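So the sequence lines, in the order shown, correspond to chains F and W.
Under numbering that gives the first Met the number 0, the first residue of the first sequence is numbered 0, with each subsequent residue one higher.
Under numbering that gives the first Met the number 0, the first residue of the second sequence is numbered 0, with each subsequent residue one higher.
Beta carbons: idealized from backbone N, C-alpha and C, even for Gly.
Since we're looking at a predicted model, the values are computed, not measured.
Let me begin by presenting the structure, written as structure tokens, before commenting on it.
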Amino acid sequence: MQTKVKRANIMGPGRVNLMFMNSVVLVGVLLTAIPFIYMITASFRQQGELYSLPVTIMPREWHGHNYVKLFGDTNFVIWYGNTIFTAGLRTVLGVYFAALAGAAFAKYNFRFKRFFFFLVLATLTLPFQVLLVPLFLMMVDFGWVDTYWAVIVPGIVGAFNIFLMRQYIEAVPDELMDAARIDGASEFGIFHRIIIPLVRPALGVVAILTFVNTWNDFLWPLIVLHDDTKYLLSIGIATMDGPYDVEIGAIMAASFLSTLPILIVFVLMQRQIIAGLTQGAIRG
Amino acid sequence: MSAHTLTASDKPQSFSIADWWSRNQRKVIPYIFLAPFLLTFLIFTVYPAGAAFFLSFQRVRGFISPEEGGGVVLEYKGLDNYERLLIKDKRFRTAIINGAEFAVGTVLIQMPIALGMALLMNAPHIRFKVLARLAFFAPYITSAIVVGWIFTLIFQDRYGLLNAALSTLGLEGVGWLTDKSFVMPALIILGLWTWCGYNSLFFLAGLQNVPDDLKEAARIDGANTIRVFWHITIPFLRPVFVFVVITGLIGSFSLFSQPYLLFDSGAGPGDAGLFPVMYLFFMGFENFRMGYASAIGYLLTVIILLITGLQLLLFRLWRV
Numbered sequence: 000m001q002t003k004v005k006r007a008n009i010m011g012p013g014r015v016n017l018m019f020m021n022s023v024v025l026v027g028v029l030l031t032a033i034p035f036i037y038m039i040t041a042s043f044r045q046q047g048e049l050y051s052l053p054v055t056i057m058p059r060e061w062h063g064h065n066y067v068k069l070f071g072d073t074n075f076v077i078w079y080g081n082t083i084f085t086a087g088l089r090t091v092l093g094v095y096f097a098a099l100a101g102a103a104f105a106k107y108n109f110r111f112k113r114f115f116f117f118l119v120l121a122t123l124t125l126p127f128q129v130l131l132v133p134l135f136l137m138m139v140d141f142g143w144v145d146t147y148w149a150v151i152v153p154g155i156v157g158a159f160n161i162f163l164m165r166q167y168i169e170a171v172p173d174e175l176m177d178a179a180r181i182d183g184a185s186e187f188g189i190f191h192r193i194i195i196p197l198v199r200p201a202l203g204v205v206a207i208l209t210f211v212n213t214w215n216d217f218l219w220p221l222i223v224l225h226d227d228t229k230y231l232l233s234i235g236i237a238t239m240d241g242p243y244d245v246e247i248g249a250i251m252a253a254s255f256l257s258t259l260p261i262l263i264v265f266v267l268m269q270r271q272i273i274a275g276l277t278q279g280a281i282r283g
Numbered sequence: 000m001s002a003h004t005l006t007a008s009d010k011p012q013s014f015s016i017a018d019w020w021s022r023n024q025r026k027v028i029p030y031i032f033l034a035p036f037l038l039t040f041l042i043f044t045v046y047p048a049g050a051a052f053f054l055s056f057q058r059v060r061g062f063i064s065p066e067e068g069g070g071v072v073l074e075y076k077g078l079d080n081y082e083r084l085l086i087k088d089k090r091f092r093t094a095i096i097n098g099a100e101f102a103v104g105t106v107l108i109q110m111p112i113a114l115g116m117a118l119l120m121n122a123p124h125i126r127f128k129v130l131a132r133l134a135f136f137a138p139y140i141t142s143a144i145v146v147g148w149i150f151t152l153i154f155q156d157r158y159g160l161l162n163a164a165l166s167t168l169g170l171e172g173v174g175w176l177t178d179k180s181f182v183m184p185a186l187i188i189l190g191l192w193t194w195c196g197y198n199s200l201f202f203l204a205g206l207q208n209v210p211d212d213l214k215e216a217a218r219i220d221g222a223n224t225i226r227v228f229w230h231i232t233i234p235f236l237r238p239v240f241v242f243v244v245i246t247g248l249i250g251s252f253s254l255f256s257q258p259y260l261l262f263d264s265g266a267g268p269g270d271a272g273l274f275p276v277m278y279l280f281f282m283g284f285e286n287f288r289m290g291y292a293s294a295i296g297y298l299l300t301v302i303i304l305l306i307t308g309l310q311l312l313l314f315r316l317w318r319v
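Here's what the structure looks like:
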């Protein structure tokens, strides 16, 4: 009793306010969540139900046939495999190269260092779209159309990733590196045995961002991949209504399954990812 | 003398590659570390940027069949492409205007909401913080194609979720994707859903960066909450504003996947959903007017750089 009264006194008028504030946040969360929920529930509905009144968020009847159709009638599984392979390879190579470049900028002095760093910043501001046409013609020349080289190689060393890696590697103590040098370690040895282990969390963040970007990329894969069996998830799902004549429910099923791994990884690592992303912006 | 030269010529032999390497690797290694970036940058950025510039003055006259080696036949047309784009081409103008409308719409509506959400999430005793962080980031990492499909359902005329919600409020539904005048509001709603929460996380990170003792000191000096907010919090958020506005503007002009999907690989009723990068794609990869598409790319780059520069200038003035 006693404590209740006391608490009411402290919170006083703020309590109503707090309730209001909490509900605003909750409404924001709900509005964000509804399209996701709708995607999931739509994937368990029959076509007819989605095009009938009244419109409901929850299905009247749950059906699994959209998933049966997705796995039976489309190349969804192949696209999934293609995407895992491409995004995985691009991430591993891209993160390694970005870490190398980041280490060069953070820990070494060399000629043209400032010029090279200016190049990195310049790529950050150059819109990729201006390169689309000539890059496509290059892919034709290289014979890379309909191969994953076209998706993996151009732009593999992301400027933003170099930028992030440089920031994190700067925090690695020089004394540690010098001590290793005195012990006879090579520069590559220092990179692999000192720098990499110390910036592992940052590597994780950069890796996830690269992976997600490749996973979701649409415009460039659309231009260079034309064979249905070579498609990545994004193109496959975007064109699913065409050749397969599948229903929107199956498209929702594909959407849900393709978003799931990304969301899971994000839930597990959200703190690190958000910190890694926002850090650059708040420092300006 | 001969004995002397012998010892001298002996020395380079012990100067083996390994020896040279162990002495000089610290000087050479940064270039090796940078090599993957520099190589891919030269081949896949510098070269195509130059090629795009060259192409933007050309017109494709024909294609050489793959049996004869493949490739395109070009014809030099001077400034024709640019002239056409800037003066005659109404579709390009529509695309630019749509991009600008979307940019202004999203930034103006998004910023206050995102900032408000961040202030709420930063307030003491607020619940659902972890949940909100998760929810607000989720749309950003969801594929634009998936977002597009979900919103084709939500924006449907008769059976759409949004019109159903409006009718429960006693309002009449509209043709979000079929009525020319509602296409832009629909896209702005989609943009809000995708980026508003994401931007609020940036504001939140900025707010957590404002030193508490500074606010405390101002309060002791008699400043009220509004003045503290205006004179301490807002200036500290300056870099976040710069980031949110500039990425928002660039994103607006580069919008492609969502409208491409919503309008079934088209540009919507009366080109109401046509954006510059979409136009570039249609010209370059559907009509194969690659010179023209390259000119669009360059004009777009110039526009984006100009806007970014102007924004940076404005924000710099704000600092003073």
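- request: Could you check what DSSP says for Met0(W) in three-state terms: helix, strand or coil?
  value: The pLDDT assigned to Met0(W) is 43, lower than 50, so where the model puts this residue is not dependable; a value taken from the coordinates is nonetheless given after this. Per DSSP, reduced to three states, the secondary structure at Met0(W) is coil, with no helix or strand assignment.
task: Starting from the beta carbon of Met137(F), find every residue of chain W whose beta carbon is closer than 7 angstroms, and list them in chain order.
output: Pro47, listed in chain order.
query: How should Phe40(W) be labelled, buried or exposed, when 16 other C-beta atoms within 10 angstroms of its C-beta is the threshold for buried?
result: With a threshold of 16 other beta carbon atoms within 10 Å, Phe40(W) meets it and is buried.
- prompt: Leaving out the 5 sequence neighbours to the left and right, which residues in its chain are closer than 8 angstroms to Met277(W) when beta-carbon positions are compared?
  reply: Taken in chain order, the residues that qualify are Ala94, Leu254, Phe255, Pro258, Tyr259 and Ala266.
- request: Determine the DSSP secondary structure at Asn173(W), reduced to helix, strand or coil.
  value: Here residue 173(W) is Val; the residue named in the question, Asn, does not match the sequence. DSSP places Val173(W) in coil when its eight states are reduced to three.
Proximity to Trp317(W) [Cα-Cα], best of Phe262(W), Arg237(W) and Asn286(W): Here the closest residue by C-alpha is Arg237(W).
message: In the DSSP assignment, the beta strand (DSSP E) including Gly61(W) goes from what residue to what residue?
response: Membership of Gly61(W) in the beta strand (DSSP E) is indicated by the continuous run Gln57 to Phe62.
message: Can you list, in chain order, the residues of its chain with a C-beta nearer than 6 angstroms to that of Ala158(F)? Leave out the 5 residues immediately preceding and following it.
response: If you ignore the 5 residues before and after Ala158(F), its C-beta comes within less than 6 angstroms of the C-beta of Val119, Thr122 and Leu123, all in its own chain and listed in chain order.
field: Residues of the segment 106-140 of chain W with Cβ closer than 7 angstroms to any Cβ of chain F, in chain order
entry: Per Cβ criterion, the list reads Met116, Leu119, Met120, Ala122, His124, Ile125, Arg126, Phe127, Leu130, Ala131, Arg132, Leu133, Ala134, Phe135, Phe136, Ala137, Pro138 and Ile140.
- request: List the residues of chain F that Lys87(W) touches, going by C-beta distances under 7 angstroms, in chain order.
  value: None at all; the shortest Cβ gap to chain F is about 21 angstroms.
field: Residues that Ala149(F) contacts on chain W, provided the C-beta gap is smaller than 8 angstroms
entry: Against Ala149(F), chain W offers no close residue; the least beta-carbon distance is about 10 angstroms (beta-carbon pairs closer than 8 angstroms).
field: Sequence-distant residues of its chain with Cβ nearer than 7 angstroms to Ala253(F) (five each side left out)
entry: Same-chain partners within the cutoff: Leu69, Phe75, Ile236 and Met239.
query: Counting along the chain, where does the beta strand (DSSP E) carrying Leu73(W) start and finish?
result: Where Leu73(W) is concerned, the enclosing beta strand (DSSP E) stretches over Val71 to Tyr75.
- prompt: Are Phe36(W) and Ile161(F) closer than 9 angstroms when you measure CB to CB?
  reply: In this structure, Phe36(W) sits near Ile161(F), with a CB-CB distance shorter than 9 angstroms.
- prompt: Using the C-alpha atoms, what's the distance from Leu305(W) back to Val244(W)?
  reply: Computed Cα separation, rounded: 14 angstroms.
- prompt: Just reading off the alpha helix (DSSP H) that Gly196(W) is part of, what are its end residues?
  reply: Looking at the DSSP string, the run of the alpha helix (DSSP H) that includes Gly196(W) is Lys179 to Leu206.
- request: Taking the CB atoms as reference points, tell me whether Ile207(F) and Ile272(F) lie closer together than 9 angstroms.
  value: Yes. Within cutoff.
- request: Please list the residues of the segment 93-109 of chain F that have a C-beta atom closer than 7 angstroms to any C-beta atom in chain W, keeping them in chain order.
  value: The residues in question are Phe96, Leu99, Ala100, Ala102, Ala103, Tyr107 and Phe109.
field: Length of the line joining the Cα atoms of Thr82(F) and Val223(F)
entry: For Thr82(F) and Val223(F), the distance between alpha carbons rounds to 14 angstroms.
- prompt: Rounded to whole angstroms, how far is the Cβ of Ile225(W) from the Cβ of Phe101(W), which I believe are closer than 8 angstroms?
  reply: About 32 angstroms separates the CB atoms of Ile225(W) and Phe101(W); that is not less than 8 angstroms, and the two are not in contact.
field: Local conformation of Val354(W) per DSSP, three classes
entry: Residue 354(W) cannot be examined here, being either before or after the span of chain W that is shown, 0 to 319.
message: Please confirm whether Thr93(W) has its beta-carbon closer than 9 angstroms to some beta-carbon of chain F.
response: Chain F contact via Cβ: absent.
- prompt: To the nearest angstrom, how far is it from the Cα of Ala271(W) to the Cα of Asp178(W)?
  reply: Each residue's alpha carbon lies about 9 angstroms from the other.
query: Where does Gly221(W) land, buried or exposed, given buried means 16+ other C-beta within 10 angstroms?
result: Gly221(W) is exposed by the Cβ-count criterion.
- request: Can you give me the start and stop residues for the alpha helix (DSSP H) that Gln46(F) sits inside?
  value: Segment Gln46 to Leu49, the alpha helix (DSSP H) holding Gln46(F).
- request: Would you decide whether Gln57(W) is buried or exposed? Buried here means 16 or more other CB atoms lie within 10 Å of its CB.
  value: Buried, since its Cβ has 16 or more Cβ neighbours within 10 Å.
- request: Could you spell out where the alpha helix (DSSP H) holding Phe242(W) opens and where it closes?
  value: According to the DSSP assignment, Phe242(W) belongs to the alpha helix (DSSP H) that extends over Arg237 to Ser253.
Whole-Å CB distance - Thr367(W) paired with Leu130(F), under 8 angstroms assumed: Because chain W here runs from 0 to 319, residue 367(W) falls outside it and cannot be looked at.
query: So, helix, strand or coil for Arg25(W), using DSSP?
result: The answer is helix: DSSP assigns Arg25(W) an H, G or I state.
Reduced DSSP category for Ser42(F) - H, G, I as helix; E, B as strand; rest coil: If DSSP states are grouped into helix, strand and coil, Ser42(F) belongs with coil.
task: Note down, in chain order, all residues in the segment 248-266 of chain W with a beta-carbon under 9 angstroms from any beta-carbon belonging to chain F.
output: Correct list: Ile249, Phe252, Ser253, Phe255, Ser256, Tyr259, Leu260, Asp263 and Ser264.
- request: Starting from the Cα of Met110(W), find the closest Cα among Asn162(W), Phe201(W) and Ala216(W) and give me that residue.
  value: Put simply, of Asn162(W), Phe201(W) and Ala216(W) the residue whose alpha carbon is nearest the alpha carbon of Met110(W) is Phe201(W).
task: Could you list which residues in chain F have their beta carbon closer than 9 angstroms to that of Tyr81(W), in chain order?
output: Ordered by position in chain F, no residue passes the 9 angstroms Cβ test against Tyr81(W), which lies about 14 angstroms from the chain.
- prompt: Taking the Cβ atom as the reference point for each residue, do Pro58(F) and Phe35(F) lie within a distance shorter than 9 angstroms?
  reply: The Cβ atoms of Pro58(F) and Phe35(F) lie no closer than 9 angstroms to each other.
- prompt: Just curious, the alpha helix (DSSP H) that Gln166(F) is in, first and last residue?
  reply: Boundaries of the alpha helix (DSSP H) around Gln166(F): Ala158 to Ile168.
- request: Find out if the Cβ-Cβ distance for the pair Pro154(W), Ala185(W) is shorter than 9 angstroms.
  value: A small fix is needed here, since residue 154(W) is Phe in this sequence, not Pro. A contact, by the Cβ cut-off of 9 angstroms.
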